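Reading through the structure tokens given below for one structure.
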Amino acid sequence: MKTIIEPFRIKSVEPIRLTSRPERERLAREAGYNLFGLHSDDVLIDLLTDSGTGAMSSLQWAAVMKGDESYAGSPSFFRFEAAVQNLMPFKHIIPTHQGRAAEAILFSIFGGKGKRIPSNTHFDTTRGNIEASGAIGDDLVIAEGKDPQSLHPFKGNMDLARLEAYLTEHHESVPLVMITITNNAGGGQPVSLANIRAVADLAHRFGKPFLIDGCRFAENAWFIKTREEGQADRSIPEIVRDCFSVADGMTMSAKKDAFGNIGGWLALNDDDLAEEARGHLIRTEGFPTYGGLAGRDLDALAQGLVEIVDEDYLRYRIRTHQYIVERLDAMGVPVVKPAGGHAVFIDARAWLSHIPPLEYPGQALAVALYEIAGVRSCEIGTAMFGRQPDGSEKPAAMDLVRLAFPRRTYTQSHADYIVEAFEELAATKDDLRGYRIVKEPKLMRHFTCRFEKL
11 MKTIIEPFRI KSVEPIRLTS RPERERLARE AGYNLFGLHS DDVLIDLLTD
61 SGTGAMSSLQ WAAVMKGDES YAGSPSFFRF EAAVQNLMPF KHIIPTHQGR
111 AAEAILFSIF GGKGKRIPSN THFDTTRGNI EASGAIGDDL VIAEGKDPQS
161 LHPFKGNMDL ARLEAYLTEH HESVPLVMIT ITNNAGGGQP VSLANIRAVA
211 DLAHRFGKPF LIDGCRFAEN AWFIKTREEG QADRSIPEIV RDCFSVADGM
261 TMSAKKDAFG NIGGWLALND DDLAEEARGH LIRTEGFPTY GGLAGRDLDA
311 LAQGLVEIVD EDYLRYRIRT HQYIVERLDA MGVPVVKPAG GHAVFIDARA
361 WLSHIPPLEY PGQALAVALY EIAGVRSCEI GTAMFGRQPD GSEKPAAMDL
411 VRLAFPRRTY TQSHADYIVE AFEELAATKD DLRGYRIVKE PKLMRHFTCR
461 FEKL
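Numbering (the numbering used here), first residue to last: 11 to 464.
So this is what it looks like as structure tokens:
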């Protein structure tokens with residue numbers, strides 16, 4: 011059968027308020043054309059992010075009722091810890107209220123002026139926490155990862171030759187090596203198990219700890235199972251364990267591949283580093299057995315980690331994105347291929363080639379999609395990454411628009427509506443114009459900056 015069906019039944023629904031185009035045009039203008047500034051009830055289909063926006067299962071809601079809110083030593087923490095260690099065999103599991111809090115703790119230890127931290131591609135909060143410490147984040151993804159049309163099966167892989175040269179040149183200033191799975195900023199593209207192992211080997215050969223940003227570990231494992239030689243007959247949990255067995259630690263936003271609305275963790279093997287990290291945790295998040303989370307959150311995450319490695323769910327999730335990519339590609343809309351794990355990515359620089367990168371073609375496309383159809387998306391390009399630490403601005407490697415799908419939230423008819431929105435947008439895309447930024451903060455400007463139409 012070719013029809014995609016959701017492998018779940020709907021038990022509770024949330025109404026969507028239907029808005030008109032004139033209303034959406036006014037709302038976008040009042041928000042300074044920054045879609046982060048919209049009220050969510052003014053959005054028909056919200057694809058701004060897949061972080062914390064998914065639907066929890068009946069078993070997760072049941073787990074919420076088991077939550078123990080003791081300040082120290084809660085059984086909810088130990089259930090959470092066991093669920094994490096079942097998939098990621100790290101010695102120390104340090105809960106945080108979300109992934110960026112884990113990053114902030116990590117880079118308070120490893121960051122600092124003069125430090126350089128390589129990855130395949132650092133995403134926005136990772137880079138923001140690195141730069142806030144005074145360090146520099148460098149991206150070493152393979153060349154195919156910067157080509158939206160390349161069909162390389164693992165476009166999130168790190169360039170091993172570049173990494174070796176980088177570690178040789180900057181050996182004294184590199185405190186650790188990171189990799190992100192999947193590579194969000196590069197189109198949700200996966201990293202192969204072979205590449206994870208090779209990066210770990212290189213890092214360890216140079217005496218550097220190797221950490222994984224594991225936000226979408228299950229989706230990455232699905233791609234390994236379906237694309238990497240010798241992995242097809244292995245289970246998702248087995249592949250996940252292999253990915254993390256070569257690492258010295260990880261950061262995690264549990265708002266992605268743990269079906270959480272909130273939560274995250276920092277995991278480490280080194281006792282001294284873990285003790286230092288827990289000191290930071292107590293000062294900023296909470297006691298080490300709750301880390302800024304309620305006990306009910308910890309129990310919901312423990313159950314979510316069981317559900318996220320279900321192959322029927324992963325097959326459905328990835329196939330939904332492939333379906334939309336196939337439809338858009340047939341219409342001539344340039345999309346990042348192959349389809350990513352958590353989102354569909356539009357190559358705005360190619361589709362709106364009349365708008366220069368420094369006039370933010372991705373933002374122009376994202377705003378137009380909202381005005382036409384009420385679909386909220388996210389620019390992943392020069393507006394997000396163009397501002398440099400020295401204050402200058404340069405075009406990002408790509409100007410993409412990300413349609414990030416919340417887990418278990420929307421249906422096949424929503425997917426078809428999105429495709430129809432692009433059909434309508436295609437008729438007027440050449441009339442779109444760029445933007446300029448009229449107000450921005452010093453770091454991570456895309457969250458709160460304001461734009462003006464040119």
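Yeah, the Cβ is synthetic: ideal placement off N, Cα and C, and Gly gets one too.
Every value quoted in this text rests on a predicted model; they were computed, and no experiment measured them.
For Ser61, count neighbouring C-beta atoms within 10 Å of its own C-beta (all shown protein chains included) and say buried if the count is 16 or more, exposed if not.
Working through the sequence shown from its first residue, we reach residue 61 at position 51. By the neighbour-count rule (16 or more Cβ atoms within 10 Å), Ser61 is buried.
Classification of Met98 by the beta-carbon crowding that lies within 10 angstroms, buried from 16 upward
Within the sequence shown, numbered from 1, the residue matching residue 98 stands at position 88. Buried, by the Cβ-count rule.
Measuring straight from C-alpha to C-alpha, what distance separates Ser67 and Leu57?
For the purposes of this step, residue 67 is identified with residue 57 of the sequence shown, where counting begins at 1. For the purposes of this step, residue 57 is identified with residue 47 of the sequence shown, where counting begins at 1. If you take the alpha carbons of Ser67 and Leu57, they lie about 20 Å apart.
For Lys449, count the other beta carbons within 10 Å of its own beta carbon; 16 or more makes it buried, fewer makes it exposed. Which is it?
On the sequence shown, residue 449 is found 439 positions in, with the first residue counted as 1. Label assigned to Lys449: exposed.
Span of the beta strand (DSSP E), counted from its first residue to its last, around Glu389
Taking the sequence shown and counting its residues from 1, the one referred to as residue 389 is at position 379. Run containing Glu389: Cys388 to Ile390, per the beta strand (DSSP E) assignment.
Spatial neighbours of Ile26 within its chain, please: C-beta separation below 7 Å, excluding the five flanking residues on both sides.
As a first step, residue 26 must be located in the sequence shown, where it is residue number 16. Only Leu54 meet the Cβ criterion.
Could you give the residue range of the alpha helix (DSSP H) that holds Glu430?
Residue mapping note: residue 430 aligns to position 420 of the sequence shown, counting from 1. Its alpha helix (DSSP H) spans residues Gln422 to Ala436.
Can the beta-carbon of Thr261 be found closer than 7 Å to that of Glu113?
Locating residue 261 in the sequence shown gives position 251, where the first residue counts as 1. Locating residue 113 in the sequence shown gives position 103, where the first residue counts as 1. The answer is yes: Cβ separation under 7 Å.
Can you give me the Cβ contacts of Tyr333 inside the same chain, cut-off strictly under 7 Å, excluding the 5 residues immediately before and after it?
Reading the sequence shown from its first residue, position 323 is the one you call residue 333. These residues qualify, in order along the chain: Ile14 and Ala425.
Identify, in the order they occur along the chain, each residue of the same chain with its Cβ nearer than 8 Å to the Cβ of Pro163, setting aside the five sequence neighbours on each side.
Walking along the sequence shown from the start, residue 163 turns up at place 153. Within the same chain, Pro163 has close Cβ partners Pro200, Ser202, Phe233, Arg237, Glu238 and Pro348.
Who are the Cβ neighbours of His132 in its own chain at under 6 Å, not counting the five residues just before and after it?
Position 122 of the sequence shown holds residue 132. Excluding residues within five positions, the ones whose Cβ falls inside 6 Å are Gly147.
Only counting runs of 4 or more residues, tell me where the alpha helix (DSSP H) segments fall wholly within the stretch 228 to 279, in order along the chain.
246 to 255
Assign Asp400 to one of two classes, buried (16 or more other C-beta atoms within 10 Å of its C-beta) or exposed (fewer than that).
Walking along the sequence shown from the start, residue 400 turns up at place 390. Per the 10 Å Cβ criterion, exposed.
Backbone CA spacing between Tyr43 and Leu453 [nearest angstrom]:
Walking along the sequence shown from the start, residue 43 turns up at place 33. Walking along the sequence shown from the start, residue 453 turns up at place 443. If I take the Cα positions, the gap works out to 19 Å.
Where DSSP assigns a beta bridge to Leu410, which residues make up the other side?
Locating residue 410 in the sequence shown gives position 400, counting from the first residue. DSSP, once it has assigned bridges, lists Asp357 and Ile390 as partnering Leu410.
By DSSP, does Asp78 sit in helix, in strand, or in coil?
The residue you call residue 78 lines up with position 68 of the sequence shown. Here Asp78 sits in coil by DSSP.
What are the complete alpha helix (DSSP H) segments, minimum 4 residues, inside the stretch 155 to 186?
170 to 179
Express the C-alpha separation of Arg137 and Cys253 in angstroms, rounding to a whole number.
Looking up residue 253 in the sequence shown gives position 243. Looking up residue 137 in the sequence shown gives position 127. Cys253 and Arg137: Cα-Cα distance of roughly 23 Å.
Only counting the same chain, and skipping five residues up and downstream in sequence, which positions put a Cβ closer than 6 Å to that of Lys125?
To locate residue 125, count along the sequence shown from 1; it is residue 115. So the list reads Ala145, Ser183 and Pro185, once near-sequence residues are dropped.
Here's the rule I'm using: 16 or more other beta-carbon atoms within 10 Å means buried, otherwise exposed. How should Ser86 be labelled?
For the purposes of this step, residue 86 is taken as the residue at position 76 of the sequence shown. Buried is the call here.
Distance, Lys21 Cα to Val385 Cα:
The residue you call residue 385 lines up with position 375 of the sequence shown. The residue you call residue 21 lines up with position 11 of the sequence shown. Cα-Cα distance, rounded: 24 Å.
Could you name the residues of the same chain whose beta carbon sits closer than 6 Å to that of Ala393, not counting the 5 residues immediately before and after it, in chain order?
Reading the sequence shown from its first residue, position 383 is the one you call residue 393. Result list for Ala393: Tyr370, Gln373 and His456, in chain order.
Sequence-distant residues of the same chain with beta carbon closer than 7 Å to Leu379, five excluded per side
Working through the sequence shown from its first residue, we reach residue 379 at position 369. Counting only Cβ-Cβ distances below 7 Å, and skipping sequence neighbours, we find Val385, Ser387, Ala431 and Leu435.
At what residues does the alpha helix (DSSP H) containing Thr136 begin and finish?
To locate residue 136, count along the sequence shown from 1; it is residue 126. Asp134 to Ala142 is the extent of the alpha helix (DSSP H) around Thr136.
Under the assumption that Gly302 contacts Thr63 (Cβ atoms under 8 Å), give the Cβ distance between them as a whole number of angstroms.
Along the sequence shown, read from residue 1 onward, the residue named residue 302 stands at position 292. Along the sequence shown, read from residue 1 onward, the residue named residue 63 stands at position 53. Not a contact, Cβ separation roughly 19 Å.
Which residue comes first and which comes last in the beta strand (DSSP E) that contains Thr63?
Taking the sequence shown and counting its residues from 1, the one referred to as residue 63 is at position 53. Thr63 -> no beta strand (DSSP E), and no H or E assigned at all.
With DSSP collapsed to three states, give me the class of Gly147.
As a first step, residue 147 is located in the sequence shown; it is residue number 137 there, counting from the start. It is a strand residue.
Strand pairing of Thr106, partner residues [DSSP]
Numbered from 1 along the sequence shown, position 96 holds the residue referred to as residue 106. Paired residue(s): Gly274.
Does the stretch 304 to 323 come within contact of the stretch 260 to 278, defined as at least 3 CB pairs closer than 8 Å?
yes
Should Leu338 be labelled buried (16 or more other beta-carbon atoms within 10 Å of its own) or exposed?
Walking along the sequence shown from the start, residue 338 turns up at place 328. By the 10 Å Cβ count, Leu338 comes out buried.
Going by beta carbon distance, what residues of the same chain come within less than 6 Å of Arg226, once the five residues before and after it are set aside?
Numbered from 1 along the sequence shown, position 216 holds the residue referred to as residue 226. Taken in chain order, the residues that qualify are Thr192, Lys266, Asp267, Gly351 and His352.
Bridge partner(s) assigned by DSSP for Val345
Reading the sequence shown from its first residue, position 335 is the one you call residue 345. For Val345, which the question treats as bridged, DSSP gives the partners Ile356.
Specify, as a first and last residue, the run of the alpha helix (DSSP H) that Tyr2 falls within.
The structure shown has nothing for residue 2, since the chain only spans 11 to 464.
Below 8 Å on the Cβ atoms is my contact criterion, and I expect Asp243 with Thr190 to pass it. Report the Cβ-Cβ distance as a whole number of Å.
In the sequence shown, residue 243 corresponds to position 233, counting from 1. In the sequence shown, residue 190 corresponds to position 180, counting from 1. At roughly 27 Å, the Cβ-Cβ gap does not stay under 8 Å, so Asp243 and Thr190 are not in contact.
Taking the C-alpha atoms as reference points, what is the distance between Gly342 and Ile356?
Looking up residue 342 in the sequence shown gives position 332. Looking up residue 356 in the sequence shown gives position 346. Going from the Cα of Gly342 to the Cα of Ile356 covers about 11 Å.
Taking just the CA atoms, how far does Tyr323 sit from Val346?
As a first step, residue 346 must be located in the sequence shown, where it is residue number 336. As a first step, residue 323 must be located in the sequence shown, where it is residue number 313. Whole-angstrom Cα-Cα distance: 23 Å.
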